[in-house]
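Below is one structure; the comments refer to it alone.
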Amino acid sequence: MNKALLSFDLYPKVVPIKEAVVVVIEVLDEKYAFKDMEYFVKVVAVSERINEEFNGDTTVEAKVISSTKLSFKFSFPKEEEYFIRVYTRDMLMRGNRGLFQMSLYALKEDLYKRIPLKGDFHSHSTGSDGRESPEIVASRYREKGFDFFALTDHGAYEPSEKAYNAFRELNLDFNIVKGEEVHSYDNNVHIVNFGGKKSVHQQFRTKEGTDSFLKEVREIESSLKNLSEEVDTFIYASCQWIATEIRKVEGLAIFCHPFWEPNSRNVPVEQSISMLNSGMFDAFEILGGQPVHTNNKQVALYYDAKIRGKNEIPIVGNSDSHGTIDIHWFDYTKTIVFASKNRTEDIIEAVKGNYSVAVETPLNEQIRAYGSYRLVNYAHFLMNHWFPIHDALCVEEGRLMKEVYLSREGARERIEMCKVDLNALIEKYFR
Amino acid sequence: MYIILKYERGEMDREMFKFDIYPKIVKIDSSVIISVVSLEEGVFLKDSHYKIQITPLISRIDDGQISDRYLKVKCFEEKLIQFEYNFLVEQEYIVRMCKIENSHEIECAKFSLYALEDDLYHRLPLKGDFHSHSCESDGKERPEIVASRYRERGYDFFALTDHEKYYPSLNAKSFYEPLGLDFLIVPGEEVHSPNNHVHIINFGGHASVNELFQSKEGRDTTISEICELKDSFSHATLADEYVYNSCQWVCKHIAEVNGLSIFCHPFWQPYAVNVQSGLTQELIRSGMFDAFELVGGQTASENSRQIALYNDIREQMGYSMPIVGSSDSHGTVNIAWFDYFKSLVFSKKNEVNEIIESVKNGYCVAIESYPDEQVRVYGSFRLVNYGYFLLNNWFPLHDFLCLEEGKSMREYYLGQSKRSDVEKVKFDYNRFVNKYFSEGDQR
């Protein structure tokens with residue numbers, strides 16, 4: 001965690017542009033207590049200032065509210081990160097670098113109205129080839145500070161319902177989304193049904209279902225035009241059928257990890273590009289649970305495809321975790337979605353509207369974000385200044401979810417006491 | 001899913017210690033003979049039979065079967081197996097060799113080859129750095145030491161680009177010239193025009209641009225020329241307009257001395273960002289620079305934002321501005337940034353004008369390799385894919401051969417060894433290329 005976050009608090013951290021807001025700075029250790037003297041705040045627009053030591057930055061007087069609190073009023077002109085540096089008059093006169101520095105982000109209206117949600121659209125449990133039971137997986141995601149996650153077992157929708165039902169009565173601000181990974185006959189493209197009200201894979205469990213699927217796919221296949229020779233039309237048509245069915249049940253259809261290399265690539269390049277540009281999928285899993293080089297190549301492909309096809313292709317970053325304890329991929333790659341609420345339909349709307357970034361945090365590596373510059377810039381701020389606070393609060397709730405699942409005595413009472421109230425948190429840091 | 005260890009940083013493919021495999025890079029659609037030499041006893045036995053599976057990595061869907069092509073070969077000579085194959089599509093191919101023993105198959109080697117289309121096949125992969133410093137400006141070591149350290153790390157070329165100084169790069173270059181090495185020391189400088197906070201590299205120019213404004217008169221003339229530049233640029237403040245025009249002036253003068261102008265690290269954050277985001281966007285869009293330093297000597301979050309902005313602009317314009325990756329190293333011993341960022345340039349020759357031509361035509365990828373982090377390659381998908389192959393299969397061998405030469409360069413500079421000593425450990429690049437590219441003799 002950013003050191004300053006443990007010693008100081010600043011709220012709101014996210015503000016609307018061009019509105020006078022009162023910002024409170026609070027010290028979290030009496031050693032930093034404010035004295036009976038004048039304090040000033042320098043506001044530095046991070047991407048507007050050049051690298052000289054803050055000459056000509058806006059300096060405003062701060063008001064001492066108490067020995068632990070200071071406040072100042074300011075209207076932030078542009079959408080970006082601002083450094084807030086606290087000075088005594090003496091320090092200001094001497095050109096000193098000040099007492100400490102915090103960060104704040106100002107947003108234009110559209111983004112300001114949305115809240116950042118950390119999520120994973122793709123994971124597995126013992127409901128297919130994962131390691132833990134659905135309920136345990138859910139508790140582990142919460143422990144790591146996720147606002148939502150979907151359990152998407154191979155060909156199985158029921159495990160996600162099981163996870164959802166286990167914690168439904170607790171009314172947590174943790175959104176357990178229903179889902180599945182759909183695998184149709186003779187098609188090795190992996191497609192996630194995120195948030196669908198029903199299973200799509202279900203149909204392949206009976207012979208009649210498979211037969212009617214094949215019949216419809218053949219029809220789609222015969223109507224396909226202008227595809228490159230390298231594209232397998234049966235697979236193309238199957239994917240189109242699946243994605244359409246996912247939308248019928250109000251789910252988000254995600255094209256997963258084409259460059260995963262079990263032996264050779266999961267999906268050939270031309271096939272991937274052509275399906276990406278067709279718009280048949282709602283989102284592309286630009287980062288998946290795989291080694292960095294594989295994700296790195298997928299990112300390169302994504303931009304090549306986008307430039308060639310001039311299409312918007314929404315993105316998500318997923319872990320595809322097959323285990324959540326001491327195992328690779330869990331929590332390495334994820335998505336920050338900017339949605340109006342933490343509800344599945346709002347998350348889907350946000351992703352389709354390109355309000356998402358994929359975030360890469362492999363073990364012991366620096367944070368990287370992928371998406372539009374606007375959201376990448378904001379995401380870096382959030383990863384450094386918002387999620388550390390948010391995630392710390394989720395740890396206890398996640399841990400207690402497991403105790404509730406295990407029916408431990410007093411677990412329900414304890415989880416009531418330390419529930420994360422996302423609205424209250426947003427109220428404090430965003431309003 | 002499992003981790004493929006061979007892709008982790010610094011991990012030489014185990015196969016490269018056990019076998020010598022050549023060529024590694026072949027031209028598509030032409031039959032080639034691949035030689036696999038076991039460097040150890042008892043692996044390839046005379047008169048034994050071997051099965052070879054060749055799996056194209058990207059042109060087919062993985063359907064659970066290991067391969068779609070098998071060859072059977074006999075070992076005619078102890079330690080050597082040869083087979084002929086025609087690789088049809090540009091991509092990586094995985095070759096798996098098994099010994100057939102009493103109708104059992106025992107895997108004895110697994111390695112990669114890369115097939116290329118004509119244009120890329122005729123270009124050499126060169127590892128280089130376009131941006132570095134010596135103690136002649138604010139770096140740590142002498143220019144000659146910096147040069148030797150780059151060679152030690154397997155660079156084919158590097159430019160010394162001290163702040164406001166061109167001559168240190170010439171000194172480094174001329175010092176090693178008599179040795180006739182296949183290591184290219186490129187003249188260069190970091191240009192800081194008056195009152196302009198944008199850092200611009202003059203890579204390979206045959207004269208200095210900084211020197212144009214280092215005298216009082218030169219400075220006055222430069223400023224008045226910049227002020228006279230009228231441009232359609234009208235989006236920002238007056239202060240920015242001056243900076244914008246100043247950049248134009250610098251780029252024009254770099255072009256006049258046949259150098260490559262590089263727009264450096266806009267999102268470097270010494271305090272706040274180096275170049276304001278609005279101006280950065282204008283500068284990239286304008287096309288005034290020959291190349292953009294996509295990743296440079298800074299943290300991943302700084303680079304990550306530069307990459308996002310660059311991709312936004314690529315999408316908006318439908319055009320990819322040429323990129324480079326460079327370290328901006330200010331020291332080469334035990335210090336951050338050196339060798340973390342570099343470029344792979346695909347160039348017809350290891351010569352300055354060819355490297356510049358290649359970068360301008362998009363034949364370059366930027367590499368990010370922080371210690372203890374996995375390697376990332378940025379650029380077009382085609383070159384990224386090839387770049388990874390080279391990092392794992394070409395450069396480990398190549399860099400190994402450069403190591404001795406780099407060490408001897410330093411000893412030579414320090415007067416600890418003679419020219420003849422350096423010659424003994426010289427890396428013969430052409431020989432290396434001829435061995436590992438197919439049709440070597442025709443190149």
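These protein sequence lines are chains A and B, in that order. To convert, note that position 232 of the first sequence is 232 in the numbering used here; the numbers rise steadily by one, no gaps. To convert, note that position 132 of the second sequence is 132 in the numbering used here; the numbers rise steadily by one, no gaps. Cβ coordinates follow ideal geometry from the N, Cα and C atoms, glycine included. Model, not experiment: these values are computed from the prediction.
Looking at the DSSP output, Lys-74/B shares a beta bridge with His-49/B. From the beta-carbon of Thr-161/B, no residue of chain A is found nearer than 7 angstroms; the closest lies around 18 angstroms away. Per DSSP, reduced to three states, the secondary structure at Asn-274/B is coil, with no helix or strand assignment. Counting along the chain, no alpha helix (DSSP H) covers Phe-146/A, and no H or E run does either.
Nearest neighbour of Gln-240/A by Cα position, chosen from Glu-397/A, Trp-329/A, Phe-255/A, turns out to be Phe-255/A.
Per DSSP, the continuous alpha helix (DSSP H) segment holding Cys-394/A begins and ends at 387–405. Secondary structure of Ser-224/B (DSSP, three-state): helix.
Between the C-alpha atoms of Thr-221/B and Asn-196/B there is a straight-line separation of about 15 angstroms. Around Glu-373/B, the beta-carbon contacts reaching into chain A at under 9 angstroms are Val-292, Pro-362, Asn-364, Glu-365, Gln-366. For Val-191/B, same chain residues with a beta-carbon under 6 angstroms away, outside a window of 5 residues either side, are Ile-200, Asn-202, Val-209, Asn-210, Val-250 in chain order. Listed along the chain, the chain A residues whose CB falls inside 9 angstroms of the CB of Gly-287/B amount to none; the nearest CB is some 16 angstroms away. Around the C-beta of Met-317/B, fewer than 16 other C-beta atoms lie within 10 Å, and the residue is accordingly described as exposed. Look at Pro-388/A: its C-beta is not under 8 angstroms from any C-beta on chain B. Within the same chain, Phe-259, Trp-260, Glu-261 come within 7 angstroms of Thr-294/A by CB-CB distance, once the 5 residues on both sides are set aside. Counting along the chain, Pro-396/B sits inside the alpha helix (DSSP H) bounded by residues 395–413. Asp-120/A is bridged by DSSP to Phe-149/A. Here Val-23/A is buried, its C-beta having at least 16 other C-beta atoms within 10 Å. Straight-line measurement puts the Cα of Ile-223/B at about 49 angstroms from the Cα of Val-351/A. When CB distances to chain B are screened at a threshold of 7 angstroms, the residues of the region 272–304 of chain A falling below it are Gly-289, Gln-290, Pro-291, Val-292, His-293, Asn-296, Lys-297, Ala-300, Leu-301, Tyr-303, Asp-304, in chain order. The C-alpha of Ile-356/B is placed about 28 angstroms away from the C-alpha of Glu-404/B. If you check the CB distance, Glu-416/A and Arg-142/A do not come in under 8 angstroms. Of the candidates Ala-106/A, Tyr-185/A, Ala-283/A, Val-337/A, Tyr-185/A places its Cα closest to the Cα of Asp-211/A.
Using a 10 angstroms sphere on the CB of Thr-206/A, the tally of other CB atoms stays under 16, which defines it as exposed. Per DSSP, reduced to three states, the secondary structure at Pro-314/A is coil, with no helix or strand assignment. In the structure shown, Tyr-22/B falls within a strand segment according to DSSP collapsed to helix, strand and coil. With a cut-off of 8 angstroms on Cβ pairs, the region 288–303 of chain A is in contact with the region 375–394 of chain B, counting three or more such pairs.
Across the structure, Ser-123/A and Ala-163/A are spaced so that their CA atoms are roughly 12 angstroms apart. Distance from the CA of Gly-205/B to the CA of Glu-41/B, rounded to the nearest whole angstrom, comes to 52 angstroms.
Against chain B, the CB of Glu-48/A has a partner CB under 8 angstroms away; the residue lies at that interface. In this structure the region 94–107 of chain B does not touch the region 297–312 of chain B; the number of beta carbon pairs closer than 8 angstroms is below three.
By the neighbour-count definition (other C-beta atoms within 10 Å, threshold 16), Ala-379/A is a buried residue. Between the region 126–141 of chain B and the region 326–334 of chain B there are three or more inter-stretch CB-CB distances shorter than 8 angstroms, so the stretches are counted as touching. Cβ-Cβ distances below 8 angstroms link Ile-65/A to Val-24, Ser-71 in the same chain, with the five nearest sequence neighbours on each side left out; the list follows chain order.
Contacts with chain A at 8 angstroms (Cβ-Cβ) include Glu-315/B. Per the DSSP secondary-structure output, Pro-187/B pairs with nothing in a beta bridge. Residues of the region 47–59 of chain B with a Cβ closer than 8 angstroms to any Cβ of chain A, in chain order: Thr-55, Pro-56, Leu-57, Ile-58, Ser-59.
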